[in-house]
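A.B. asks:
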Amino acid sequence: MPVLPPSEQRPRPGRPARWAQAALATGACCVQLDAFALNPALPVVRDELHGSAAATPWIVSGYLLAAGSLMPVAGRLGDLHGRRRMMTLGTVLFGVAAVLCALAPSLTLLVAARVLQGAGGALLMPAGLALLTHAWPPGHGRRATGRALGLAGLTTVCGPFIGGVLARSVSWRAVFWLTVPLALAAALCARRAPESRDPEARQRFDAAGAAAATGALVCLVRWLEHPAAWGWATGATALGALFVRAERRSPAPLVDLALFRNRPYVALTAGGALANSATVALLYVVPWVLQRNHGWSVRDAGVAFLAPAVALAVGGPAAGRVRPAAAVPVMAGCLALSAVALGWAAYGTGAPTLLMASTGAAGALGVAGGLALTGTQAVVRRERAGEASGVTKAALTATAGIWLAVTGAGTGGVTGEGGRGGVTGAGTGGGAGPAALALPAAACLATAAVLALTLLVPVVPRVRGRLGRRAGRGGGVHRND
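Our numbering puts the first residue of the sequence shown at 4, with every later residue one more than the last.
(1) Is residue 59 buried or exposed, if buried means 16 or more other CB atoms sit within 10 Å of its CB?
(2) Please report the distance separating the alpha-carbon of residue 373 from that of residue 109.
(3) For my contact list, residue 223 and residue 239 are in at a C-beta cut-off of 8 angstroms; report their separation, rounded to the angstrom.
(4) Do the CB positions of residue 51 and residue 202 come within less than 8 angstroms of each other?
(5) Can you tell which of 268, 136, 401, 439 has its C-alpha closest to the C-alpha of residue 347?
(6) Could you give the distance in angstroms between the alpha-carbon of residue 183 and the alpha-carbon of residue 98?
(7) According to DSSP, is residue 390 helix, strand or coil?
(8) Among 157, 27, 381, 133, which residue has its Cα nearest to the Cα of residue 315?
(9) Residue 233 by DSSP, collapsed to three states: which one?
(10) Using 10 angstroms around the beta-carbon of residue 258, count the other beta-carbons present and answer buried if the total reaches 16, otherwise exposed.
(11) What is the DSSP secondary structure of residue 121, reduced to helix, strand or coil?
(12) Give a yes or no on whether the C-beta atoms belonging to residue 191 and residue 178 are separated by under 8 angstroms.
(13) Alpha carbons only, please: which of 189, 167, 136 is nearest the one belonging to residue 33?
(14) Relative to the C-alpha of residue 120, which candidate in 69, 273, 446, 21 has its C-alpha closest?
(15) Closest to residue 262 by C-alpha separation, out of 391, 445, 36, would be which residue?
(16) How many angstroms separate the CA atom of residue 360 from the CA atom of residue 290?
(17) Go ahead and label residue 43 buried or exposed: buried means 16 or more other beta carbons lie within 10 angstroms of its beta carbon, across all protein chains shown.
(18) Counting only the same chain and skipping the five closest in sequence on each side, list residues whose C-beta sits under 7 angstroms from that of residue 354.
(19) With respect to the alpha helix (DSSP H) encompassing residue 361, which residues constitute its N-terminal and C-terminal limits?
(20) Could you check what DSSP says for residue 297 in three-state terms: helix, strand or coil?
(21) Would you call the CB atoms of residue 114 and residue 61 closer than 8 angstroms?
(22) Does the count of Cβ pairs from the segment 331 to 339 and the segment 442 to 455 closer than 8 angstroms reach three?
(23) So does residue 348 have its beta carbon nearer than 7 angstroms to some heavy atom of the ligand GTP?
(24) Does residue 184 come out as helix, strand or coil in the three-state DSSP assignment?
(25) For residue 3, which three-state DSSP category applies?
(26) Going by DSSP in three states, residue 42 sits in which element: helix, strand or coil?
(27) With distance defined between alpha-carbon atoms, name the residue in 312, 375, 71, 47 nearest to residue 273.
(28) In whole angstroms, give me the CA-to-CA distance for residue 287 and residue 267.
(29) Can you tell me the Cβ-Cβ gap for residue 352 and residue 185, rounded? I've got them flagged as a contact below 8 angstroms.
(30) Flag this pair as touching only if the segment 393 to 404 and the segment 69 to 81 have three or more C-beta atom pairs under 8 angstroms; answer yes or no.
(31) Secondary structure at residue 265, three-state DSSP: helix, strand or coil?
(32) Leaving out five residues before and five after residue 309 in sequence, what residues of the same chain have Cβ atoms less than 8 angstroms from its Cβ?
(33) Three-state secondary structure (DSSP) at residue 489?
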C-alpha cells in the first residue's frame, strides 16, 4: 500500500481536539438560537411584561449590540489568557444570563439580562474558533470548524420556527430554558479541550484600544439603525480615530493594524458580513411570505423551510474543504450565485419557485458564511487567531443587527386567527413581500464584483513587469519590477 508523503498525510486528531470541536458546535448553537429564536415571540413578551413598543426591540438589539461590540476585545483576551478559559467563562456567563432572562419579571430586567447574555456570547465565539484552530493540526482545523459551523447554521434557520412554536405552545421563557443545558454541555466540552494562548503576547491588556473599539462599534451600529442621527456617526468617527491612534502607539495592541493589510482576510470578512446579512433577510422574509402571501400555517412554513435550512447547514462543512488559496474566488462565486438565487426568489411567482430559489441561495450563502470563519483563520497567524476571529465575528454580528433594525424584523410579528393572536414563524415587520430580497441580491452581486476585481489587481503589476522585461531585452525601457 503506497505511503503518502508527510506533507499529504492527515494526522488523526486526538480526543481533546474532538472536545474542542464539540464545544464550538454546541456553543455556537446556543448563540445562534438565542439570537433569532425570540424574534417571533416579541409581541407576546411585550404583552406579558407590559413593555413599550419602543423598548421591545432592544430584547434583540441589546443582545446583538453587546455581542458584536465586545467580540474584538474577547478575541484578544483569549489570546492573552487562554482560549479554553475564555470560552468556558463565556458559556457559563451565557447560561447564567439565560436563567436570568427566563426569570425576568420586567422588560427592563429582561433587556439587561440579554445584554449580559450578549457579553457571554462575545467571549464564547471568538475563543471557541481560536481554540478549535489550535486543537487541530495546522491546515486541518478548517474542516472541523466547517462541520461545527454547519450545525450552528441549522440552528440559525430553525431558530425562529422553534421560538414561535415554544412561545405559542409553552411560553417564551422556554426558549431560554432550552439554552441552559446546551450552555452547560458546551462548558463541559470546553473544559476537556487543550488550552492554548499566544506565547509571544505581552501580558498587558490594551484598555484604551478596547474602550475606543467598543465605543466606535456601538456608535456605528446605532447610527446605521438611525441614519438621521448624525451624532452617532460623529461619535463613531472620533472613537475610530482614537482607536487607530491608540493601536499605533500601544506596545501590545488590541488589534494589530497589519491585520487590515491582509487582503484575503479583509475580503473574506467583508464578503462574509454581507452574506450574513443576506442570510438574515432570507431567514425572515421567506417564512413571512409563505404565511402572509400564500396562506400557509406556521407549521407548514417551518417544515417547508427545512430544505433551505439543510442547504445552509451543509455550507459550513463545504467551506471547510476549500483551500485557503481558493477561498476568495469561491467567496466571490458564492455571492454571485446567491445574488441570482435571491433575485429569482424576489421576482419569481409561486411558493415552489420561492422555496427552490431560497434553497439555492441558502446553500451559496452557507458556504460564504462558513468561509468568513474558516478562511480567515487559515490566512492569519495562528498565535493571534482569537484576535482575528473576534474582528470577523464582530463584523458578522453587527451586520445581522443592522438588518434586523433596518427591516423591522426585530419587532416580531403577530397574526390574528379568529380574533386570537398567534405567533408567526417569522418576525419580519413592515409587511415587505418577496421583493425585499432584491436589496440583498444587489448587494451580493456588487460585493462579488468587488472581490473579483481585487483578485485581478495583483495580476496587473506582474503583467506589466513581464512586458517591461521583454521591452528591455528588445532595446526599450527596462522596468525594474
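Every residue, glycine too, gets a C-beta built ideally from N, C-alpha and C.
C.D. replies: The answer reads as follows:
(1) For this step, residue 59 is matched to residue 56 along the sequence shown. Counting every other CB atom within 10 Å of its CB across the protein chains shown gives residue 59 a total of 16 or more, marking it as buried.
(2) Here the question's residue 373 lines up with position 370 in the sequence shown. Here the question's residue 109 lines up with position 106 in the sequence shown. The alpha-carbon atoms of residue 373 and residue 109 are separated by roughly 37 angstroms.
(3) As a working mapping, residue 223 is identified with position 220 in the sequence shown. As a working mapping, residue 239 is identified with position 236 in the sequence shown. Their Cβ separation, rounded to whole angstroms, is 4 angstroms, which keeps residue 223 and residue 239 in contact under 8 angstroms.
(4) The residue labelled residue 51 in the question sits at position 48 within the sequence shown. The residue labelled residue 202 in the question sits at position 199 within the sequence shown. Going by C-beta atoms, residue 51 is not nearer than 8 angstroms to residue 202.
(5) Sequence index remark: in the sequence shown, residue 347 carries index 344 (1-based). Of the candidates 268, 136, 401, 439, the one whose C-alpha sits nearest the C-alpha of residue 347 is 439.
(6) Counted from its first residue, the sequence shown places residue 183 at position 180. Counted from its first residue, the sequence shown places residue 98 at position 95. The alpha-carbon atoms of residue 183 and residue 98 are separated by roughly 5 angstroms.
(7) What you label residue 390 is simply residue 387 of the sequence shown in a count that begins at 1. Three-state DSSP puts residue 390 in a helix.
(8) What you label residue 315 is simply residue 312 of the sequence shown in a count that begins at 1. Closest by alpha carbon: 157.
(9) Against the sequence shown, residue 233 aligns to sequence position 230. Note: residue 233 maps to helix in three-state DSSP.
(10) For this step, residue 258 is matched to residue 255 along the sequence shown. Its Cβ being crowded by 16 or more others within 10 Å, residue 258 is buried.
(11) Your numbering for residue 121 matches position 118 in the sequence shown. It is helical.
(12) For the purposes of this step, residue 191 is identified with residue 188 of the sequence shown, where counting begins at 1. For the purposes of this step, residue 178 is identified with residue 175 of the sequence shown, where counting begins at 1. Going by C-beta atoms, residue 191 is not nearer than 8 angstroms to residue 178.
(13) Taking the first residue of the sequence shown as 1, we reach residue 33 at position 30. The option with the nearest alpha carbon to residue 33 is 189.
(14) Position 117 of the sequence shown, counted from the first residue, corresponds to residue 120. Ranking the options by Cα distance to residue 120, first place goes to 69.
(15) To locate residue 262, count along the sequence shown from 1; it is residue 259. Checking every option, the nearest Cα to that of residue 262 belongs to 391.
(16) Residue mapping note: residue 360 aligns to position 357 of the sequence shown, counting from 1. Residue mapping note: residue 290 aligns to position 287 of the sequence shown, counting from 1. Their Cα atoms are separated by approximately 13 angstroms.
(17) As a working mapping, residue 43 is identified with position 40 in the sequence shown. Classification of residue 43: buried, given that the 10 Å Cβ count is 16 or more.
(18) Within the sequence shown, the letter at position 351 stands for residue 354. Cβ neighbours of residue 354 beyond the five flanking positions: 293, 297.
(19) Along the sequence shown, read from residue 1 onward, the residue named residue 361 stands at position 358. Note, residue 361: alpha helix (DSSP H), 354 to 381.
(20) Looking up residue 297 in the sequence shown gives position 294. Residue 297 falls in the coil class under three-state DSSP.
(21) Looking up residue 114 in the sequence shown gives position 111. Looking up residue 61 in the sequence shown gives position 58. The beta carbons of residue 114 and residue 61 sit closer together than 8 angstroms.
(22) yes
(23) This structure does not include the ligand GTP; it has no bound ligands of any sort.
(24) Counting from one through the sequence shown, the residue named residue 184 turns up at place 181. Here residue 184 sits in helix by DSSP.
(25) The chain is shown only over 4 to 484; residue 3 falls outside these bounds and no answer can be derived.
(26) For this step, residue 42 is matched to residue 39 along the sequence shown. In this structure, DSSP gives residue 42 a helical state, which the three-state scheme calls helix.
(27) Mapped onto the sequence shown, residue 273 falls at position 270. Ranking the options by Cα distance to residue 273, first place goes to 375.
(28) On the sequence shown, position 284 is the one that residue 287 refers to. On the sequence shown, position 264 is the one that residue 267 refers to. Cα to Cα, the separation comes out at about 30 angstroms.
(29) Position 349 of the sequence shown, counted from the first residue, corresponds to residue 352. Position 182 of the sequence shown, counted from the first residue, corresponds to residue 185. With a Cβ gap of about 40 angstroms, residue 352 and residue 185 do not count as contacting.
(30) yes
(31) The residue labelled residue 265 in the question sits at position 262 within the sequence shown. Reduced to three states, the DSSP call for residue 265 is coil.
(32) Looking up residue 309 in the sequence shown gives position 306. Once the five neighbours on either side are set aside, the close Cβ partners of residue 309 are 161.
(33) Given a span of 4 to 484 for the chain in the structure shown, any question on residue 489 remains unanswerable.
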